[in-house]
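First residue of the sequence shown: 24, per the numbering used here; consecutive thereafter. By construction, the Cβ of each residue, glycine as well, lies at the ideal position given by its N, Cα and C atoms.
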Amino acid sequence: MTAAAYPTEVRRRADERILAILWNDGHRGDYPFAYLRGWCPCAGCQGHGGDKRYIHAENTDLIKIDLVGNYALQLHWGDGHETGIYTYQHLRELCPCPECPQTSPA
Ligand SMILES: [Zn+2]
Ligand SMILES: [Zn+2]
């Protein structure tokens, strides 16, 4: 587990539609906006079942990022959806780079 991992740099690249996260252990992940939106962890997207669901949203513009405490990022999307609190642990598990285990569809 990488529960202690936290981002040292979070950069939104609107032109590439990527959120680039640099982690405290030097790891780097480039998260496509649609991929992040798809794995929104909020109850509205995920419901209360056990299985994680991938959401296909029409508007996946990432317009704003807020820090939540020192454990998560709140992502604001172009369609007004903003209830997703992405914990650092969740983000790290979603890391789409080839070195990380792929548990999710891109
Ligand atoms: Zn959501
Ligand atoms: Zn990775």
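Span of the beta strand (DSSP E) around residue i
i, result
"Arg-34", "30-36"
"Tyr-109", "108-110"
"Ile-41", "41-46"
"Asp-89", "85-91"
"Ala-27", "Per DSSP, Ala-27 belongs to no beta strand (DSSP E) and is neither H nor E."
"Ala-95", "95-100"
For residue i, the first and last residue of its enclosing alpha helix (DSSP H)
i, result
"Ala-57", "56-61"
"Ala-66", "66-69"
Notebook entry, point to check: Who sits around ligand 2, taking every residue whose Cβ is closer than 6 Å to one of its heavy atoms?
Noted result: With 6 Å as the limit between CB and the heavy atoms of ligand 2, the residues that fall short of it are His-50, Gly-52, Cys-118, Cys-120, Glu-122, Cys-123.
Notebook entry, point to check: When a residue counts only if its C-beta is closer than 6 Å to some heavy atom of ligand 1, which residues count, in chain order?
Noted result: Cys-63, Cys-65, Gly-67, Cys-68, His-104, Thr-106, Gly-107
Margin query: Assess contact between the segment 73-85 and the segment 106-113, defined as three or more Cβ pairs (one per stretch) separated by less than 8 Å. Is contact present?
Written below: no
Check: Is there contact here, the segment 59-67 with the segment 96-112, by at least three beta-carbon pairs under 8 Å?
Finding: yes
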